[in-house]
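Novice:
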Amino acid sequence: MIRVILVDDHVVVRTGVKRLLEEQADLRVIAEAATGDDAYKLYQQYQPDVLILDMNMPGSSGLATLGQLIARYVKAKVIMFSMHTEVSFAVQAISAGAKGYVLKSSTPEEMIQAVRQVASGKSYLSAEVAQNIALHNLSQENDPTRVLTPREFEIFRLLAEGAEVDMIASTLKIGHKTVANYQTQLKHKLNIHTPIQLVRLALKHHIISLH
């Protein structure tokens, strides 16, 4: 039996995924959570075979929660559950320690396959994401965000979305000075000098979108 913890801030999504997984004789959802903080506590409590983690949640994001988990539990088997098809998000998730990356637009069969594959010690990427990564690697486009660490990427995304230093520090549970240091590192790594340049770069590489 593969024991799964499911983390998503939308009850409807959790209900649907839970029903899908528990239709399989070898899969069982043993706990659910709506936040990154609760996900961490539940992982400590249950030590599941697989954790399915929403990439975008209020408060501590999926990427931040993933980093926290892997820092404590190196062998944790985490599948990031995401609406983002962009290469940069998948690359950052895998770099941060995720064993799988499944799109919310994926077929039910893909999710089931991902859970089984990751539980067995293998990795899994949604077909669309795998194709996008292959095409991206073949292209000559230079994406400077790929040199960022997962933590740098998360702060870059939050800054591009207009978050203030106080909010970023609170969300990621780090000090204000640490956030300021990351800001300086980002400017050097990405060769940007103004907030407008940062936003333009994030838009160009689909890290954020205009609503």
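Taken in order, the sequence shown gives residues 1 to 211; the numbers are from UniProt numbering. We treat Cβ as the ideally placed atom computed from N, Cα and C, and that holds for glycine. No experiment lies behind these values; they were computed from the predicted model shown.
Distance, Cα to Cα, Q117 vs I196?
Specialist: Rounded to whole angstroms, Q117 to I196 spans 42 Å at the Cα level.
Novice: Three or more C-beta pairs closer than 8 Å, one from the segment 72-80 and one from the segment 106-125: is that the case here?
Specialist: yes
Novice: Who are the near neighbours of residue 213 in its chain, counting only those whose CB is closer than 8 Å to its CB and skipping five residues on each side?
Specialist: Residue 213 lies beyond the stretch modelled for the chain, which goes from 1 to 211, so this question has no answer here.
Novice: Could you tell me which uninterrupted alpha helix (DSSP H) segments, each at least 4 residues in length, are contained entirely in the UniProt domain "Response regulatory" (3-119), listed from first to last along the chain?
Specialist: 11-22, 36-46, 62-72, 87-95, 108-119
Novice: In chain order, what residues of the same chain have a beta carbon less than 6 Å from the beta carbon of I133, not counting five sequence neighbours either side?
Specialist: V87
Novice: Select from Q183, D54, Q131, L69 the residue whose C-alpha is nearest the C-alpha of Y40.
Specialist: L69
Novice: Using a Cβ-Cβ cutoff of less than 6 Å, which residues in the same chain neighbour A34 once the five nearest sequence positions on both sides are dropped?
Specialist: Answer for A34: D9, listed in chain order.
Novice: Below 8 Å, how does it come out for the segment 60-67 and the segment 18-29: are there three or more Cβ pairs, yes or no?
Specialist: no
Novice: Touch check for the segment 139-159 and the segment 48-58: three-plus C-beta pairs under 8 Å?
Specialist: Output reads no: the segment 48-58 does not touch the segment 139-159.
Novice: Output the boundary residues of the alpha helix (DSSP H) element that contains R151.
Specialist: For R151, the enclosing alpha helix (DSSP H) starts and ends at 150-160.
Novice: Could you spell out where the alpha helix (DSSP H) holding D166 opens and where it closes?
Specialist: 165-172
Novice: Helix, strand or coil for V199? Go by DSSP, reduced to three states.
Specialist: helix
Novice: DSSP beta-bridge partners for L125?
Specialist: Y101
Novice: Measure the Cβ-Cβ separation of D49 and R14 and say whether it is below 8 Å.
Specialist: no
Novice: So T194 is in the alpha helix (DSSP H); what residue range does that whole segment cover?
Specialist: Premise fails: T194 is in no alpha helix (DSSP H) and is neither H nor E.
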